[in-house]
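> For reference, the structure I am asking about is given below.
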Amino acid sequence: MRDAYSSRSSQYIDLIEDDWSTDDDDAALVRRHLTGLPGPVLDLGCGPGHWTGHLHSLGADVTGVDMVPEFIAHARETHPGPQFRLGSMTEVDAPDHSVAGILSWYSTIHLPPAELGRVLAGFRRLLAPGGVLVIGFFDSDDDVARFDHKVIAAYRWPTDVFAERLAEAGFTEVQRLQHQVPERPDRRYAALAARAC
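Each residue of the sequence shown is one higher than the one before, starting from 25 at the first, in this note's numbering.
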């Protein structure tokens, strides 16, 4: 995955820089659950750092983590203020229960379904009791479905099924969003906010 994104990093960065704007509902969800927390926030799979920079501008003590060196270099140059670290969301170098919030915005979409539970359990391990995870993913009507993403294969999840996986990992859902971009009828999007039990 790192190599696939590295090979297209400049294209991805240009796309984000030229066209990134937060959906109002997405931005409200992130702001509501990941600002004003009594501890640090991790943006896991932060890419070029756009959400990390946004959270920092809202006063969050946020650190972006990504496995793609080009993304981290760009994030450090473009978004002064927050910290950025090269690393994987599956092996975060942080003590158990040491963070108050995690943003995982479409960073789990490439995980094979069999691996999702382990990664969500890792997120739960990082969060202090009562900490919040906000996670975005591609929505599906019926079953978990693999599709050809522009970079590397990805998966769509029915939101109820994804919520069940969160519950199995020790989370309680507190809010969900589901929407479809009118110009992309083939793409449905979802986001869940969940609290560590």
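Virtual Cβ for every residue (Gly too), placed ideally from N, Cα, C.
1) Taking the runs of the alpha helix (DSSP H) that are 4 residues or longer, which of them lie wholly in the segment 123–168?
2) Quick one: which unbroken alpha helix (DSSP H) runs of 4-plus residues sit fully inside the segment 72–132? Chain order, please.
3) Pull up the CB-CB distance for Thr127 and Asp67, whole angstroms please, since I reckon it's below 8 Å.
4) Beta strand (DSSP E) containing Asp67: first to last residue?
5) Leaving out five residues before and five after Val152 in sequence, what residues of the same chain have Cβ atoms less than 8 Å from its Cβ?
6) Consult DSSP for Val205 and reduce its assignment to one of helix, strand or coil.
7) So the alpha helix (DSSP H) Ala191 belongs to, where does it begin and stop?
8) Tell me, which residues are paired with Thr59 by DSSP?
9) Which value, in whole angstroms, describes the spacing of the CA atoms of Glu41 and Cys70?
10) Under the three-state reduction of DSSP, which class applies to Ala52: helix, strand or coil?
Looking at the coordinates:
1) The segment 123–168 contains these whole alpha helix (DSSP H) runs: 137–150.
2) The DSSP assignment places 74–81, 93–102 as complete runs of the alpha helix (DSSP H) inside the segment 72–132, in order along the chain (cut-off: 4 residues).
3) One detail in the question is off: residue 127 reads as Leu in this sequence, not Thr. Rounded, the Cβ-Cβ distance is 5 Å, consistent with contact.
4) That run of the beta strand (DSSP E) goes 65–68.
5) Contrary to the premise, residue 152 reads as Ala rather than Val in this sequence. Here the set comprises Gly63, His121, Ser122, Val123, Ala124, Ala220.
6) Three-state DSSP puts Val205 in coil, outside helix and strand.
7) Looking at the DSSP string, the run of the alpha helix (DSSP H) that includes Ala191 is 183–192.
8) Looking at the DSSP assignment, Thr59 forms no beta bridge with any residue, so it has no partner.
9) In this structure, the CA atom of Glu41 is about 14 Å from the CA atom of Cys70.
10) Three-state result, Ala52: helix.
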